[in-house]
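Numbering (full-length UniProt numbering), first residue to last: 1 to 110. Glycine residues also receive a C-beta, built at the ideal position from the N, C-alpha and C atoms. Below is one structure, written out as structure tokens; the observations come after it.
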């Protein structure tokens, strides 16, 4: 739709220029607008072939494979993050236990 509006604007400006002092540029704009209309009407009348069912099937299959790979990568990232969090938690608990043990020893010795 935009190409028709553009062509109409070219033609109108071309007519305005051609009827006044600038005949050469006006005719050039008229020709450009006509060319845009001609090419857009010609391409609009050409039928496009519908995609083949096998193309749809292969696209769906490829999309499923991509989705499976993405899900596997995401679950691997989640598992690695969980393992790292558990490890940090165990290390924090061990450090806290060591501090508590050290405080108990200090209290017993004092």
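Beta-carbon to beta-carbon, residue 7 and residue 33 are separated by about 5 angstroms, close enough to satisfy the 8 angstroms threshold. Only residues of its own chain outside the window of five on either side were considered, and among them 10, 11, 14, 15 and 18 have a CB closer than 8 angstroms to the CB of residue 30, listed in chain order.
Excluding its 5 nearest sequence neighbours in each direction, residue 92 has no C-beta neighbour in its own chain below 8 angstroms. DSSP places residue 100 in the uninterrupted alpha helix (DSSP H) bounded by 53-109. If you check the CB distance, residue 4 and residue 58 do not come in under 9 angstroms. The straight-line gap separating the alpha-carbon atoms of residue 94 and residue 65 is approximately 43 angstroms.
For residue 19, the enclosing alpha helix (DSSP H) covers residues 2-19. Counting only residues of its own chain and dropping the five nearest sequence neighbours on each side, residue 36 has a CB closer than 8 angstroms to the CB of 3, 6, 7 and 10.
Between the alpha carbons of residue 69 and residue 62 lies a distance of about 11 angstroms.
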